[in-house]
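**Q**
Numbering (my numbering), first residue to last: 1 to 78.
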């Protein structure tokens, strides 16, 4: 059974290979609206469903709520 990265769609033979890939997948970059920090998807979740900002003093959580994919961000024009 192939294991596929949901961010970049690469496939891996084992779950371990996929887990190791998640640490460096550039498509999996997230940012937090609350603190402005940028981080990998793996550092923000342990189960792949519940997301929380890994910054110690931040209480941002939830994909689409406080946490967003960097690829989906838009730069504000002034």
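Yeah, the Cβ is synthetic: ideal placement off N, Cα and C, and Gly gets one too.
Treat the numbers as computed from the prediction; the structure is a model and nothing was measured.
1) Taking 8 Å as the cut-off, does the region 63–70 touch the region 43–53 (at least 3 CB pairs, one atom from each stretch)?
2) Is residue 21 helix, strand or coil by DSSP?
3) I'd like the span of the alpha helix (DSSP H) that includes residue 6, first residue to last.
4) Provide the residue(s) that pair with residue 61 in DSSP beta bridges, ordered along the chain.
5) Just confirm the distance between the C-beta atoms of residue 32 and residue 60, as a whole number of angstroms; I'd bet it's less than 8 Å.
6) State buried or exposed for residue 20, treating a residue as buried only when at least 16 other CB atoms are found within 10 Å of its CB.
7) Only counting the same chain, and skipping five residues up and downstream in sequence, which positions put a Cβ closer than 8 Å to that of residue 3?
8) Does the beta-carbon of residue 71 have 16 or more other beta-carbons within 10 angstroms, so that it is buried, or is it exposed?
**A** Taking the definition as stated:
1) yes
2) helix
3) DSSP places residue 6 outside any alpha helix (DSSP H), giving it a letter other than H or E.
4) Partner residues in the beta bridge of residue 61, as assigned by DSSP, are 52.
5) 4 Å
6) exposed
7) 11, 12, 13, 14, 15, 17, 18
8) Flag for residue 71 reads exposed.
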